[in-house]
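Visitor:
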Amino acid sequence: MIFKHKIIILLLVFGALMCVPQTWALPLTANGRAAGRIYLARQALPGEKTAAAELQNYLGRISGCEFFISQKMSGCCIILGTVDTPGIPPEAQQMLAGRKDESYWLKTGKNRLYIIGKTQVGTLYGVYGLLSDHLGVCWFNPAEEFVPRQPDIVLKDLNEVQEPCFLWRSVSQTSAGGLAPAGKRWAARNRLQCASGALHDKRNQDFFSARNADHTIDYGGHLAFYNAVPPQKYLSTHPEYFALVGGKRLQNKDHNNTHHCLSNPQVRKLTAEHVTALHKKYGKRITYLFGAPDSEKNWCECANCRALDSSSRLDLARRFHSTVYDIGQMVYLRCPDAQLDVWAYANYRQLPENFKFDPRMSVYFCTHGRCYAHTIDDKNCMRNVEIFSLLQAWLQLNPRALHLYEYAYCTPPGWAPLEEVLAADLKTYRAMNIAGWKEEISFADANFRNVPAFSADPHHAAHRLRSNWLYFYIAGKLTWNPDLDIKQLISEVESKYYGTAYPAMRQFHELRRAAWRNGNGCFGYPRGDSRTQALLMQPGFQTRLLALLDQAEVLADGDAVTLQRIKNDREYLELFWIKPNQTYRKKLDKTLNAALLKSPVNVDGSDSDPAWTSAGWTGDFKLIKNKKIHPLPDELQTFAGVLADREKLYFLIVANRPEAMRSDNERVEITLDPRNNSDTCYRISVNTDGTVSAATLSGKKTTALPGVTARIRNTPQGYTLEIALTACHTDGVFAPGALWKFNIIRQGRFGRIALDGVNKNQRSRFRTLFIDRARLVNSDFSAIDRKTNQVKNWNLKNASPITQAGKHGLQLAPHGSCNQLIWDWKGLLGQSEQPRKFRLHIRASGRGTLQITAPNYHDDWSNGKLTRKYHGSEKIGSCQLSGRMRVYSFDYTIKADRWIALTIYSDQGATLESVCITQE
Numbered sequence: 073m074i075f076k077h078k079i080i081i082l083l084l085v086f087g088a089l090m091c092v093p094q095t096w097a098l099p100l101t102a103n104g105r106a107a108g109r110i111y112l113a114r115q116a117l118p119g120e121k122t123a124a125a126e127l128q129n130y131l132g133r134i135s136g137c138e139f140f141i142s143q144k145m146s147g148c149c150i151i152l153g154t155v156d157t158p159g160i161p162p163e164a165q166q167m168l169a170g171r172k173d174e175s176y177w178l179k180t181g182k183n184r185l186y187i188i189g190k191t192q193v194g195t196l197y198g199v200y201g202l203l204s205d206h207l208g209v210c211w212f213n214p215a216e217e218f219v220p221r222q223p224d225i226v227l228k229d230l231n232e233v234q235e236p237c238f239l240w241r242s243v244s245q246t247s248a249g250g251l252a253p254a255g256k257r258w259a260a261r262n263r264l265q266c267a268s269g270a271l272h273d274k275r276n277q278d279f280f281s282a283r284n285a286d287h288t289i290d291y292g293g294h295l296a297f298y299n300a301v302p303p304q305k306y307l308s309t310h311p312e313y314f315a316l317v318g319g320k321r322l323q324n325k326d327h328n329n330t331h332h333c334l335s336n337p338q339v340r341k342l343t344a345e346h347v348t349a350l351h352k353k354y355g356k357r358i359t360y361l362f363g364a365p366d367s368e369k370n371w372c373e374c375a376n377c378r379a380l381d382s383s384s385r386l387d388l389a390r391r392f393h394s395t396v397y398d399i400g401q402m403v404y405l406r407c408p409d410a411q412l413d414v415w416a417y418a419n420y421r422q423l424p425e426n427f428k429f430d431p432r433m434s435v436y437f438c439t440h441g442r443c444y445a446h447t448i449d450d451k452n453c454m455r456n457v458e459i460f461s462l463l464q465a466w467l468q469l470n471p472r473a474l475h476l477y478e479y480a481y482c483t484p485p486g487w488a489p490l491e492e493v494l495a496a497d498l499k500t501y502r503a504m505n506i507a508g509w510k511e512e513i514s515f516a517d518a519n520f521r522n523v524p525a526f527s528a529d530p531h532h533a534a535h536r537l538r539s540n541w542l543y544f545y546i547a548g549k550l551t552w553n554p555d556l557d558i559k560q561l562i563s564e565v566e567s568k569y570y571g572t573a574y575p576a577m578r579q580f581h582e583l584r585r586a587a588w589r590n591g592n593g594c595f596g597y598p599r600g601d602s603r604t605q606a607l608l609m610q611p612g613f614q615t616r617l618l619a620l621l622d623q624a625e626v627l628a629d630g631d632a633v634t635l636q637r638i639k640n641d642r643e644y645l646e647l648f649w650i651k652p653n654q655t656y657r658k659k660l661d662k663t664l665n666a667a668l669l670k671s672p673v674n675v676d677g678s679d680s681d682p683a684w685t686s687a688g689w690t691g692d693f694k695l696i697k698n699k700k701i702h703p704l705p706d707e708l709q710t711f712a713g714v715l716a717d718r719e720k721l722y723f724l725i726v727a728n729r730p731e732a733m734r735s736d737n738e739r740v741e742i743t744l745d746p747r748n749n750s751d752t753c754y755r756i757s758v759n760t761d762g763t764v765s766a767a768t769l770s771g772k773k774t775t776a777l778p779g780v781t782a783r784i785r786n787t788p789q790g791y792t793l794e795i796a797l798t799a800c801h802t803d804g805v806f807a808p809g810a811l812w813k814f815n816i817i818r819q820g821r822f823g824r825i826a827l828d829g830v831n832k833n834q835r836s837r838f839r840t841l842f843i844d845r846a847r848l849v850n851s852d853f854s855a856i857d858r859k860t861n862q863v864k865n866w867n868l869k870n871a872s873p874i875t876q877a878g879k880h881g882l883q884l885a886p887h888g889s890c891n892q893l894i895w896d897w898k899g900l901l902g903q904s905e906q907p908r909k910f911r912l913h914i915r916a917s918g919r920g921t922l923q924i925t926a927p928n929y930h931d932d933w934s935n936g937k938l939t940r941k942y943h944g945s946e947k948i949g950s951c952q953l954s955g956r957m958r959v960y961s962f963d964y965t966i967k968a969d970r971w972i973a974l975t976i977y978s979d980q981g982a983t984l985e986s987v988c989i990t991q992e
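Counting from 73, one number per residue, gives the positions in the sequence shown under our numbering.
Set out below in structure tokens:
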């Protein structure tokens with residue numbers, strides 16, 4: 073009986089085990105030998121042949137074993153092919169049915185690994201996917217890679233289909249021609265498309281066919297009309313085919329920026345015939361891309377072309393897109409399956425109202441003007457608000473597909489860590505059903521001439537990829553799968569890149585990325601980079617970065633490759649960050665901006681919060697001793713940083729003090745003057761023993777000031793002090809753009825250390841502080857042109873600056889005025905499709921009435937040059953002045969599609985102390 077029970081139990085256990093899913097390991101190498109050969113069909117296409125060669129090469133380098141390629145399946149442990157390859161499992165076609173052409177299937181079973189692509193390019197991508205995702209190979213840049221050493225290669229059980237999220241994942245070779253084989257191989261290895269030159273390079277068709285699916289090759293673009301109606305052929309016999317400019321037909325027959333007369337029926341007919349002929353020759357191998365010359369000038373001025381525009385103004389977008397629509401109809405009539413793209417380019421990207429669009433066409437949306445320091449859907453970046461709105465409008469036309477042409481690389485990229493924004497953007501694009509992403513790129517092995525040394529011109533196109541390879545590596549991963557963890561991807565690739573030095577380099581790049589993330593300013597073509605220059609303002613931050621590079625060199629333990637990579641980063645830091653910061657510091661005036669927080673500040677006495685890298689910083693402290701002002705010795709160096717959020721003002725004091733004074737109880741005092749009508753100021757006093765006091769000073773009356781938090785922490789050099797003030801406890805305007813005055817003093821055995829050498833009761837000489845940043849330039853009239861003695865950025869009439877005893881202001885004589893243009897291109901007050909509200913604050917005294925008006929303007933760039941229209945002046949408000957300095961506030965709304973100037977007029981004379989604009 074007991075024996076029967078044991079048998080039953082054993083049977084039950086065996087049955088349970090049989091129900092558990094089995095996982096099988098597939099050895100590709102063992103005991104120094106390959107487990108079999110690589111199968112490649114006799115009729116294999118270039119992509120399959122390239123896949124076999126790449127797999128053979130890298131498996132050999134990983135394991136040290138030699139793999140052979142065979143045209144017989146027997147004895148093969150790896151089967152390469154496409155869904156059309158004879159002898160592959162029928163399951164392959166089922167797994168890849170309905171998938172994009174570049175998809176692939178990885179399957180282990182019956183002692184074999186199957187790498188099956190839907191097309192030949194899919195097979196190649198399958199090999200690269202296996203090598204990178206499962207065997208740890210990394211291709212950093214065209215000249216550097218990581219190949220792990222693994223004598224015994226054992227694959228886990230695989231049955232996965234990989235399909236790219238985005239149909240287009242393109243990098244477009246620019247700046248120099250030529251095959252650039254190393255660059256294009258690297259792009260393909262990272263599963264990015266680079267079809268540049270694919271149709272023109274007849275000798276390397278197999279090279280391109282192996283690496284680029286049919287849909288990736290477009291033809292036309294800026295040369296869409298030039299190729300169809302070349303001036304070399306038609307200019308002498310048919311000058312009417314070309315643009316009429318200034319009463320003459322264009323004569324630049326050898327220039328590819330030649331504009332055509334788009335209204336000419338024969339130009340349209342010839343273009344349609346050209347596109348049709350290409351389609352009949354290449355079929356779905358190419359997409360014809362309609363674009364215009366990359367020039368804002370010399371569009372045709374004939375009456376028929378002007379009739380294509382809107383009735384009121386030159387409208388290049390309407391002219392171009394209506395022309396493309398008509399040509400498209402002719403092409404589709406002859407070739408219904410033709411693949412046509414149309415550019416929504418910088419000067420013809422504005423969506424015309426009520427125009428015809430054929431949904432059989434794809435839209436290639438160019439993001440000129442966007443900012444890559446902010447995500448595309450960032451509502452606080454005016455550049456991106458405009459671009460995002462346009463993008464949504466084009467999507468509403470329901471084109472066959474919409475893909476993007478980005479321009480981060482054109483900025484130029486320098487050493488900007490754009491990977492996190494890219495990761496967020498790609499998720500947004502996927503949610504919007506955008507079909508593709510493209511960025512420009514340049515390869516060092518292209519046909520450049522006279523390439524300067526990197527140190528002489530680090531932004532030269534031949535050098536750009538050197539410092540930006542990570543951006544494209546991440547793009548290769550995330551355009552396939554935007555859900556991959558960006559931090560994990562960066563960690564994985566950088567740990568391989570830096571090897572034993574990675575612990576120090578991880579900290580180095582985390583600090584660098586945090587500084588960028590918390591920085592201020594925008595980054596993008598064509599406006600450039602206004603962010604990088606200020607990233608090293610925090611005292612000691614540059615030193616910390618350099619110290620980590622020193623640590624990394626020690627950890628490299630003499631490895632030449634790793635040491636060179638660390639040396640490169642040191643050079644990038646010097647050329648892309650330190651030098652621009654040095655130039656930036658020379659241009660700074662004494663005004664400080666309390667930048668709005670982008671990450672939290674924990675008031676604990678430490679300077680480690682990343683937010684402090686974006687603070688407004690000053691080190692202009694002087695030693696006051698025996699009633700004389702002296703330069704500050706290094707042992708007493710003092711720096712102050714200031715930040716803000718919607719509720720609080722934050723200060724960080726970084727102070728040195730000699731060893732002999734470490735036990736002394738010194739005091740730091742911050743005095744804040746919000747320039748209110750009650751003439752109240754606020755003083756925060758913190759002793760180095762941690763004692764905190766805060767007071768409201770109103771005349772001779774002193775009361776306690778609540779809402780102050782302060783913490784101090786000793787450092788090897790001295791101490792750091794963090795302070796937070798809750799602004800609602802003050803009687804001042806606290807909103808972005810508000811102007812305050814402040815002063816900081818250290819008091820101790822050494823004497824008194826004061827910002828600018830100004831004592832705490834010299835309020836007229838206090839430093840100017842803006843919450844966030846000034847909306848008006850030179851709001852306190854402190855910037856004076858030394859040559860003319862006139863106030864900068866203001867147009868004056870019967871007015872003169874006040875520059876007595878450190879006090880600044882503007883004196884308006886009777887019937888005097890001052891005026892400033894608030895152009896603020898792509899800024900918070902610049903011309904926009906949306907109305908913008910603000911509040912104006914003028915601190916003034918005098919006699920009579922002060923009148924404030926807003927001249928209104930509209931700028932039109934639609935014809936490639938500026939046309940500015942004046943829409944008259946609107947009254948903002950007026951006030952009756954008194955002999956006492958007061959703040960007068962007014963509300964105003966800038967109308968949609970307008971920008972304004974600000975004019976202040978005094979009928980009987982006035983003194984202006986400051987003018988500022990705030991926005992809630």
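We treat Cβ as the ideally placed atom computed from N, Cα and C, and that holds for glycine.
Going by Cα to Cα distance, which pick from 407, 985, 513 and 419 is closest to residue 391?
Guide: On the sequence shown, residue 391 is found 319 positions in, with the first residue counted as 1. Nearest Cα to residue 391 within the set 407, 985, 513 and 419: 419.
Visitor: Helix, strand or coil for residue 245 per DSSP?
Guide: Residue 245 sits at position 173 when you count from the first residue of the sequence shown. Three-state result, residue 245: strand.
Visitor: In terms of residue numbering, what span does the alpha helix (DSSP H) encompassing residue 401 cover?
Guide: Sequence index remark: in the sequence shown, residue 401 carries index 329 (1-based). From DSSP, the alpha helix (DSSP H) with residue 401 extends over 388-406.
Visitor: I'd like to check one pair, residue 380 with residue 394: are the Cβ atoms closer than 8 Å?
Guide: For this step, residue 394 is matched to residue 322 along the sequence shown. For this step, residue 380 is matched to residue 308 along the sequence shown. Yes.
Visitor: Can you give me the C-alpha to C-alpha distance between residue 167 and residue 293, rounded to a whole angstrom?
Guide: For the purposes of this step, residue 167 is taken as the residue at position 95 of the sequence shown. For the purposes of this step, residue 293 is taken as the residue at position 221 of the sequence shown. Their backbone Cα atoms lie some 36 Å apart in a straight line.
Visitor: List the endpoints of the continuous alpha helix (DSSP H) containing residue 770.
Guide: Stepping through the sequence shown from its first residue, residue 770 is reached at position 698. Segment 764-770 is the beta strand (DSSP E) holding residue 770; no alpha helix (DSSP H) there.
Visitor: Assess, as a yes-or-no matter, whether the stretch 453-466 is touched by the stretch 524-531 under the definition of 3 or more beta carbon pairs within less than 8 Å.
Guide: no
Visitor: Which stretch, first to last residue, makes up the beta strand (DSSP E) that contains residue 876?
Guide: Taking the sequence shown and counting its residues from 1, the one referred to as residue 876 is at position 804. Run containing residue 876: 867-876, per the beta strand (DSSP E) assignment.
Visitor: CB-CB under 6 Å to residue 389, same chain, minus the five flanking residues each way: which ones, in chain order?
Guide: Taking the sequence shown and counting its residues from 1, the one referred to as residue 389 is at position 317. For residue 389, where only same-chain residues beyond five positions count, the Cβ hits under 6 Å are 420, 422 and 424.
Visitor: Taking contact to mean 3 or more Cβ pairs, one atom from each stretch, closer than 8 Å, check whether the stretch 569-576 and the stretch 618-629 are in contact.
Guide: Taking a cut-off of 8 Å for Cβ pairs, the stretch 569-576 and the stretch 618-629 touch, as three or more such pairs fall below it.
Visitor: DSSP three-state label for residue 990, please.
Guide: Your numbering for residue 990 matches position 918 in the sequence shown. Strand, per DSSP.
Visitor: Give me, in chain order, the residues of the same chain whose beta-carbon lies closer than 7 Å to that of residue 895; leave out the 5 immediate sequence neighbours on both sides.
Guide: If you number the sequence shown from 1, residue 895 lands on position 823. 902 and 971.
Visitor: In its own chain, which residues sit with a C-beta less than 6 Å from the C-beta of residue 150, not counting the 5 before and 5 after it?
Guide: The count along the sequence shown starts at 1 and reaches residue 150 at position 78. The residues are 110 and 185.
Visitor: Assign residue 120 to buried or exposed, taking buried as 16 or more other Cβ atoms, counted over all protein chains shown, within 10 Å of its Cβ.
Guide: For the purposes of this step, residue 120 is taken as the residue at position 48 of the sequence shown. So residue 120 counts as buried.
Visitor: Please state the DSSP three-state secondary structure of residue 256.
Guide: Within the sequence shown, the letter at position 184 stands for residue 256. Looking at residue 256 - three-state DSSP - the assignment turns out to be helix.
Visitor: Let me check you understand the geometry: is the CB of residue 964 closer than 7 Å to at least one non-hydrogen atom of the ligand HEM?
Guide: The model on display carries no ligand, and the ligand HEM is accordingly not part of it.
Visitor: Less than 8 Å between the beta carbons of residue 743 and residue 712, yes or no?
Guide: Within the sequence shown, residue 743 is the residue found at index 671, counting from 1. Within the sequence shown, residue 712 is the residue found at index 640, counting from 1. No, the pair does not count as a contact, with Cβ atoms beyond the cut-off.
Visitor: Give the DSSP-derived three-state secondary structure of residue 720 in the structure shown.
Guide: By 1-based counting over the sequence shown, the position of residue 720 is 648. Annotated three-state conformation of residue 720 is strand, per DSSP.
Visitor: Name, in chain order, the residues that DSSP records as bridge partners for residue 99.
Guide: Looking up residue 99 in the sequence shown gives position 27. Paired residue(s): 226.
Visitor: Could you pull out every residue in the same chain whose Cβ sits closer than 8 Å to the Cβ of residue 440, ignoring the five residues on either side in sequence?
Guide: The sequence position of residue 440 within the sequence shown is 368, counting from 1. Leaving aside the five residues that flank residue 440 on each side, the residues in its chain whose CB is nearer than 8 Å to its CB run, in chain order, 417, 418, 421, 479, 597 and 598.
Visitor: Looking at the unbroken alpha helix (DSSP H) that takes in residue 540, where does it start and where does it end?
Guide: For the purposes of this step, residue 540 is taken as residue 468 along the sequence shown, with counting starting at 1. Residues 536-550.
Visitor: How long is the line joining the alpha carbons of residue 814 and residue 264, rounded to whole angstroms?
Guide: Working through the sequence shown from its first residue, we reach residue 814 at position 742. Working through the sequence shown from its first residue, we reach residue 264 at position 192. Spanning the two alpha carbons is a distance of roughly 53 Å.
Visitor: Name, in chain order, the residues that DSSP records as bridge partners for residue 696.
Guide: What you label residue 696 is simply residue 624 of the sequence shown in a count that begins at 1. Residue pairing from DSSP places residue 696 in a beta bridge opposite 701 and 824.
Visitor: Please tell me whether residue 329 and residue 365 are closer than 8 Å, where the distance is taken between their beta carbons.
Guide: Looking up residue 329 in the sequence shown gives position 257. Looking up residue 365 in the sequence shown gives position 293. Result yes, Cβ atoms of residue 329 and residue 365 sit closer than 8 Å.
Visitor: DSSP three-state call for residue 910: helix, strand or coil?
Guide: Numbered from 1 along the sequence shown, position 838 holds the residue referred to as residue 910. Strand at residue 910.
Visitor: Using C-beta distances below 7 Å, list every residue in its chain close to residue 948, excluding the 5 sequence neighbours before and after it, in chain order.
Guide: By one-based count along the sequence shown, residue 948 stands at place 876. Within the same chain, residue 948 has close Cβ partners 912, 924, 925, 926, 962 and 964.
Visitor: Can you tell me which of the three DSSP states residue 269 falls into?
Guide: As a working mapping, residue 269 is identified with position 197 in the sequence shown. The answer is coil: DSSP assigns residue 269 none of H, G, I, E or B.
Visitor: Where does residue 917 fall in DSSP's three states?
Guide: Counting from one through the sequence shown, the residue named residue 917 turns up at place 845. Looking at residue 917 - three-state DSSP - the assignment turns out to be strand.
Visitor: Could you round the C-beta distance between residue 474 and residue 434 to whole angstroms and report it? I think they count as a contact, below 8 Å.
Guide: If you number the sequence shown from 1, residue 474 lands on position 402. If you number the sequence shown from 1, residue 434 lands on position 362. The pair is a contact, with the Cβ atoms about 7 Å apart (cut-off 8 Å).
Visitor: Quick check: the stretch 851-859 against the stretch 713-726, are there 3 or more CB pairs under 8 Å?
Guide: no
Visitor: Classify residue 346 as helix, strand or coil using the three-state DSSP reduction.
Guide: Numbered from 1 along the sequence shown, position 274 holds the residue referred to as residue 346. Three-state DSSP puts residue 346 in a helix.
Visitor: Taking three-plus beta-carbon pairs below 8 Å as touching, is the stretch 858-870 in contact with the stretch 741-759?
Guide: Touching, no.
Visitor: On a Cα-Cα basis, can you pick out the residue from 201, 115, 728 and 98 that is closest to residue 56?
Guide: Shown here, the chain extends from 73 to 992; a query on residue 56 therefore has no answer.
Visitor: CB-CB under 7 Å to residue 208, same chain, minus the five flanking residues each way: which ones, in chain order?
Guide: Sequence index remark: in the sequence shown, residue 208 carries index 136 (1-based). The residues are 220.
Visitor: Would you kindly report the start and end of the unbroken beta strand (DSSP E) that includes residue 581?
Guide: By one-based count along the sequence shown, residue 581 stands at place 509. Segment 574-589 is the alpha helix (DSSP H) holding residue 581; no beta strand (DSSP E) there.
Visitor: So, with DSSP's three-state summary, where would you put residue 527?
Guide: As a working note, residue 527 is residue 455 in the sequence shown. Residue 527: coil per DSSP, three-state reduction.
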